[in-house]
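44 is the number of the first residue of the sequence shown in my numbering; add one for each residue after it.
The next block holds one structure in the form of structure tokens; read it before the comments.
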Amino acid sequence: MDRPALLAALRARIARLDRSGGAPAGDGVPLCAAIDRALPGGGLARAAVHEVLAADPGAAAGFCALVLARSRGPEGGAVLWIAPEPDAWPPGLFRFGLSPADLVLVQAPRRQDALWAMEECLRCPGVAGALLAVDGLDLTAARRLQLAAEAGGALGLLLRPEAEAEGGATAALTRWRVGALAGTGSAHDLGDPRWRLDLLRCRGGRPQGWDVTWRSAAERLDHDAAERPDLDEAAGTEAIGTEAMPQRARRRAR
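Right, here's the structure in full:
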């Protein structure tokens, strides 16, 4: 047995486990400056699982695509999207920085298969990020996924319906609600997507909310206005972000 290699692997695993309790500054996946300042690791922590509650499915898919794309970092790594049916639309996700060349779509109609696939992905050192679209997730299964992320070092996303998950217990490091705001364009050109991001729970942080705009041309997430720490409901909003939905889902949204 190669003793130095074994010791190096063990040290790396211990470092990943340490990061799960609070990533050091600068080690997180960056979103935008206003949001990163509110997160303990200066961004979304790696080697951890985060929940995303979809107040608007298209907006939530776009936000998840942005996070997965940035989880690759300079080191690269595979990105997986696991769902009961192929609801992700790669050309739409590409608008949010996630290249189809870096994305692996996994169709897993049975929940136990989807959970197994997500757990194995999170444990694999070659995976940078993985998403599981799931409903009815129990706390035990969520804890297993968190442990898998800590062991493998990947960033995991649980994309869940808002009504099903909000207010319940979670093993994830953070819980977000993603809604849609009116776009920056005209009636015939929606312009850049705008979202309402509510950080509902954060280990080592506090709940806050932000209105943001995704600048597609610059691949940059901008904070729109002064931070609103309260979790007010966004009023007068118009759905946007459906670019990340498949064609049949966009027809249903109309």
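Ideal Cβ placement from N, Cα and C applies to all residues, glycine included.
Where residue i falls: helix, strand or coil (DSSP)
i, result
"residue 177", "coil"
"residue 270", "Below a pLDDT of 50, predicted positions are generally treated as unreliable, and residue 270, at 44, falls in that range; the measurement from the model is reported next regardless. Residue 270 falls in the coil class under three-state DSSP."
"residue 213", "coil"
"residue 135", "helix"
"residue 91", "strand"
"residue 67", "Low per-residue confidence applies at residue 67: pLDDT is 42, beneath 50, and the placement is therefore not dependable, though the value from the model is reported in the following sentence. Coil, per DSSP."
"residue 102", "helix"
"residue 167", "coil"
"residue 245", "strand"
"residue 82", "coil"
"residue 119", "coil"
"residue 109", "helix"
"residue 261", "coil"
Selected residue, minimal CA-CA separation from residue i, among the options
i, options, result
"residue 165", "153, 244, 125", "125"
"residue 151", "259, 176, 84, 204", "176"
"residue 267", "71, 75, 70", "75"
"residue 132", "100, 157, 250, 245", "100"
"residue 225", "255, 247, 199", "255"
"residue 236", "91, 102, 83, 114", "102"
"residue 243", "81, 71, 70", "81"
"residue 245", "88, 77, 106", "88"
"residue 260", "249, 234, 180", "234"
"residue 115", "197, 158, 128", "197"
Cβ-based burial, residue i [other Cβ within 10 Å; buried from 16]
i, result
"residue 217", "buried"
"residue 146", "buried"
"residue 193", "buried"
"residue 183", "exposed"
"residue 257", "buried"
"residue 272", "Summary for residue 272: the model assigns pLDDT 47, below 50, so the residue's position carries little reliability; its value from the coordinates is reported in the next sentence. Exposed: under 16 other Cβ atoms inside 10 Å."
Length of the line joining the Cα atoms of residue i and residue j
i, j, result
"residue 118", "residue 172", "12 Å"
"residue 86", "residue 262", "17 Å"
"residue 239", "residue 104", "13 Å"
"residue 138", "residue 253", "21 Å"
"residue 155", "residue 190", "17 Å"
"residue 148", "residue 162", "15 Å"
"residue 130", "residue 169", "24 Å"
"residue 311", "residue 247", "No information on residue 311 is available, as it lies outside the stretch 44 to 297 that the chain covers here."
"residue 70", "residue 84", "6 Å"
"residue 195", "residue 93", "15 Å"
"residue 122", "residue 199", "10 Å"
"residue 160", "residue 106", "22 Å"
"residue 265", "residue 188", "31 Å"
"residue 203", "residue 128", "14 Å"
"residue 158", "residue 178", "11 Å"
"residue 65", "residue 181", "Since pLDDT at residue 65 reaches only 43, below the 50 mark, its modelled position is unreliable, and the value read off the structure follows with that caveat. Distance between the alpha carbons of residue 65 and residue 181: 24 Å."
Sequence-distant residues of its chain with Cβ nearer than 6 Å to residue i (five each side left out)
i, result
"residue 186", "214"
"residue 141", "108, 111, 112"
"residue 73", "79, 86"
"residue 167", "195"
7 Å CB neighbourhood of residue i in its chain, flanking five on each side removed
i, result
"residue 98", "205, 220, 221, 222"
Close Cβ partners of residue i (< 8 Å) along its chain, the five nearest in sequence each way excluded
i, result
"residue 143", "133, 134, 136, 137"
"residue 96", "103, 203, 204, 205, 208, 209, 218, 219, 220, 221, 243"
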